[in-house]
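First up is the structure itself, then whatever we jot down about it.
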Amino acid sequence: MAKQGRKMDDKLMQTRRETSLKTLYFNRFMLIRYSLAIFFFANFFLAYLCWPAPTGIAGVGLLIFSILPCWEMGKMYGQKTPEYKLTKLFFILQWVFNLVVIFMLAMQPTSQVFPFLNDGSDAKVTALVVLVIGFALASWCNYRFYLIDRNLDKTYRRIEFFESKYRLRLKS
1 MAKQGRKMDD KLMQTRRETS LKTLYFNRFM LIRYSLAIFF FANFFLAYLC
51 WPAPTGIAGV GLLIFSILPC WEMGKMYGQK TPEYKLTKLF FILQWVFNLV
101 VIFMLAMQPT SQVFPFLNDG SDAKVTALVV LVIGFALASW CNYRFYLIDR
151 NLDKTYRRIE FFESKYRLRL KS
């Protein structure tokens, strides 16, 4: 009876370790998932508030395009080598969009770029700060993809340690 209980404990521990390993692989993309959610809602509000200006139309395009990356990020749990090509493309497009709008804001009156804002300097500075934060976040995510693609991120080192310590491998 004690032998059977020991087997159950070993099986339970093995299952817990495999689940922990899956979670580690999933957590490599934590920054990217949260950033994707931030950009999804930011593009939604941009599309809503700026329609039918060019920034509103671009916001709609980015909002629609962000649906597939959201799907990619959601279905990657338990995969050792997930596919995230559309997510990378989305962050590159978001980065370019933020950069272009920053230049548009520097060249045009604020109310032409963002119709819901006035032409005052406070509105321009506020919009510029939000755009620079978005640009920095997209840059950070693109750098994170660079690290993940080359297995240079800290989480991957934890995964390697965990796999070697418990002799685990995911089947993917």
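Residue numbers for the sequence shown follow our numbering, so the first one is 1 and each next one is one higher. Glycine included, C-beta positions come from ideal geometry on N, C-alpha and C.
To the nearest angstrom, how far is the alpha carbon of residue i from that of residue j?
| i | j | result |
| --- | --- | --- |
| Asn43 | Ser111 | 18 Å |
| Val130 | Arg169 | 42 Å |
| Met73 | Arg33 | 7 Å |
| Arg150 | Phe162 | 19 Å |
| Val60 | Tyr166 | 47 Å |
| Lys154 | Glu160 | 10 Å |
| Asp10 | Phe26 | 24 Å |
| Lys124 | Met76 | 39 Å |
| Val173 | Leu89 | For the chain, the structure presents residues 1 to 172; residue 173 sits outside this window and is missing. |
| Leu49 | Asp122 | 18 Å |
| Pro54 | Leu137 | 22 Å |
| Ala47 | Tyr143 | 27 Å |
| Ile102 | Gln79 | 37 Å |
| Glu182 | Leu12 | Beyond the ends of the chain as shown, which are 1 and 172, falls residue 182; an answer cannot be given. |
| Gly120 | Tyr84 | 41 Å |
| Phe116 | Trp95 | 22 Å |
| Met107 | Ala58 | 18 Å |
| Phe91 | Asn118 | 29 Å |
| Trp71 | Thr15 | 26 Å |
Let's see if you can read the secondary structure: which residues bound the alpha helix (DSSP H) around residue i?
| i | result |
| --- | --- |
| Asn142 | Ser121 to Asp149 |
| Phe161 | Lys154 to Tyr166 |
For my contact list, residue i and residue j are in at a C-beta cut-off of 8 Å; report their separation, rounded to the angstrom.
| i | j | result |
| --- | --- | --- |
| Phe39 | Ser66 | 6 Å |
| Tyr156 | Arg28 | 7 Å |
| Phe135 | Leu99 | 6 Å |
| Leu93 | Leu128 | 20 Å between Cβ atoms; not a contact. |
| Arg141 | Leu63 | As written in the sequence, residue 141 is Cys, which differs from the Arg given in the question. So it is not a contact: roughly 17 Å between Cβ atoms. |
| Leu36 | Pro82 | 14 Å between Cβ atoms; not a contact. |
| Leu24 | Arg158 | 6 Å |
Open item on the list: Just to confirm the assignment: which complete beta strand (DSSP E) runs, minimum length 3, are found wholly within the region 19-107?
Closed with: none
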